[in-house]
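Reviewing the structure listed below.
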């Protein structure tokens, strides 16, 4: 373990065969934990982060000095109560917060860039599984995450059916849709079209495709919000001006907001990681291995599922979450489902949505009581 | 817990797998889970009620029985319970078929439109009946297909559905309904409870 830049790292010595055919070994997984593991080791919750998340779930992220991405849900007395549970989260491989990724160096000490192997959601969870051994946890109490985190939840329980007692996929899908892939491709094209991208070798050439990455973030950010939410928050309000300026500055508040979102993202995220992680999401199709029968992915698990979607989420809409419920019901699995009313779009799971947070808390606490 | 739920619970043996369709706040589910070790699941359309069930630690799926029963495999539950909701569906016949497909047996309860107070209300007041089991006005009632115990009895017979037990309930007690006392029970019960199988 090293603690460079406040990042805890587990070096995985066991070779991991990736879906692309390559094998990696002696690679780092950066992780963070909250709360404490009890003596029975039955209170651990593995949280999986979404596309641009990292291991710093709650509290102040020591690298960005901002609030952790799931501060509303995780912490003392919160929905995922760290007074009670031991929360583990790790940066996905392919990421840029310390886990093995394209900004790392290859054995010849050259930065990988696009020579990093293409990774999948399956590879991500197989890598993270090593954390269970590291902490000596035989069975997790729960696994949860939203969006791409939810994909990892589904993949994890499919790969390791007896390794978690409860399973909470949130605002997610079992298979990336054409629309999902289309938006991700838009982001990737924005990055690779930036002349500073340099075929992925921007670090060694001392440049950064910040403009492309910012555009990718802006486009994606729109997909995380709902039309109604945007309209209510911004409408046609102008940005610090009395009238239109008849130019291409940010006249509207929404423009200014998106530009800001793009610019702060560039400071904390690596462009190549964005390519790799969006690719992993696009390749995600859990039923593919089972000839399209999603139920087969869960046939070996006795875990208790609780699936949550949001009314205004059009990126991973309720129906796609319900398809998972249907697949589980058709094999008699223990599955609960709720669609939460919210105007906040896909981002609802990250925000202060009381019905969501209380459902999450109640499900966890009641399930833990039954332990 | 209301008398109706006690009667339903008495019809179900211990350790069975039960689906409560339209489980509301989960009162019956909780009772069955705690007292009879039932593997209980619920289907409920109201988001608020779903939240109440989750707060009780019950497994519930938010959904609409008319659309969402089809996802459950044939005979995947020992019992499927439907309490006082059949009359509120657009197509009660379809829902009844689905209950009997998903459950080995079904327990269906219906508010009895043949109850004497209902008849008297319409006969003497000339307005749509409002009673304890039918509390809503004509313009805001969820009920679309009211029936009497006699209607339901004949209906299930005509569909070759086997009736294991049929009970008439009024405020005080429950009693067996059979072919010969059907007319009387149809007059004096405000609720009918049917244990059926196909």
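Residue numbers (the numbering used here), protein chains in the order written: chain B, 2 to 372; chain V, 373 to 570. Ideal Cβ positions, reconstructed from N, Cα and C, are used throughout, including at glycine.
Taking 8 angstroms as the upper bound for CB-CB distance, residue 15 of chain B and residue 131 of chain B are in contact here, some 7 angstroms apart. Residue range 475-483 is occupied by the beta strand (DSSP E) that includes residue 477 of chain V. Residue B:34 holds the alpha-carbon nearest to the alpha-carbon of residue 56 of chain B among B:42, B:209, B:34 and B:367. For residue 451 of chain V, the uninterrupted beta strand (DSSP E) run begins and ends at 449-455, by DSSP. Using a Cβ-Cβ cut-off of 8 angstroms, residue 438 of chain V does not count as an interface residue toward chain B, since no Cβ of chain B sits closer than that to its own.
Nearest CB-CB separation between residue 322 of chain B and chain V: not below the 8 angstroms threshold. Residues of chain B with a Cβ closer than 8 angstroms to the Cβ of residue 434 of chain V are, in chain order, 338, 339 and 340.
Taking 8 angstroms as the CB threshold, residue 396 of chain V stays off the interface with chain B.
Distance from the CA atom of residue 219 of chain B to the CA atom of residue 409 of chain V, rounded to whole angstroms, is 52 angstroms. At least one C-beta of chain B is nearer than 8 angstroms to the C-beta of residue 423 of chain V. DSSP, read as helix, strand or coil, puts residue 276 of chain B in helix. For residue 448 of chain V, the chain B residues whose C-beta falls within less than 7 angstroms of its own C-beta are 333, listed in chain order. At a cut-off of 8 angstroms between beta-carbon atoms, residue 327 of chain B makes contact with chain V. Inclusion of residue 454 of chain V and residue 441 of chain V in the CB contact set at 8 angstroms is not warranted, their separation being larger than that value. Check the Cα spacing between residue 10 of chain B and each of B:66, B:198, B:128 and B:281: the tightest is with B:128. Around the beta carbon of residue 22 of chain B, a 10 Å sphere encloses fewer than 16 other beta carbons of the protein chains shown; the residue is thus reported as exposed. Collapsing the DSSP output to three states places residue 50 of chain B in coil.
Proximity of residue 459 of chain V to chain B, defined by a Cβ-Cβ separation below 8 angstroms, is not satisfied. Cβ contact annotation for residue 153 of chain B (same chain, cutoff 7 angstroms, sequence separation greater than five): 49, 122, 125, 126 and 146, in chain order. At a C-beta separation below 9 angstroms, residue 429 of chain V has these neighbours in chain B: 363, 364, 366, 367, 368, 370 and 371. Following the DSSP letters along the chain, one finds residue 237 of chain B in no alpha helix (DSSP H), marked with neither H nor E.
Those residues of the stretch 464-494 of chain V placed with their C-beta closer than 7 angstroms to a C-beta in chain B do not exist. Partner residues in the beta bridge of residue 253 of chain B, as assigned by DSSP, are B:239. Contact of residue 221 of chain B with chain V by beta-carbon distance below 8 angstroms is absent, the smallest such distance being about 28 angstroms. Contact of residue 356 of chain B with chain V by beta-carbon distance below 7 angstroms involves 423. Against chain V, the CB of residue 359 of chain B has a partner CB under 8 angstroms away; the residue lies at that interface.
In the DSSP assignment, residue 355 of chain B falls within the unbroken alpha helix (DSSP H) covering 355-370.
When beta bridges are read from the DSSP output, residue 413 of chain V appears opposite V:391 and V:431.
For the 8 angstroms CB-CB criterion, residue 538 of chain V and residue 564 of chain V form a contact.
For residue 330 of chain B, the C-beta contacts it makes with chain V under 7 angstroms involve 443 and 444, in order along the chain.
In its chain, beyond the 5 residues on either side, 373 and 377 have a beta carbon closer than 7 angstroms to the beta carbon of residue 399 of chain V. The straight-line gap separating the alpha-carbon atoms of residue 301 of chain B and residue 163 of chain B is approximately 8 angstroms. Residue state for residue 346 of chain B is assigned as helix, using DSSP reduced to three classes. Annotated as distal: residue 299 of chain B and residue 259 of chain B, with beta-carbon spacing of 8 angstroms or more.
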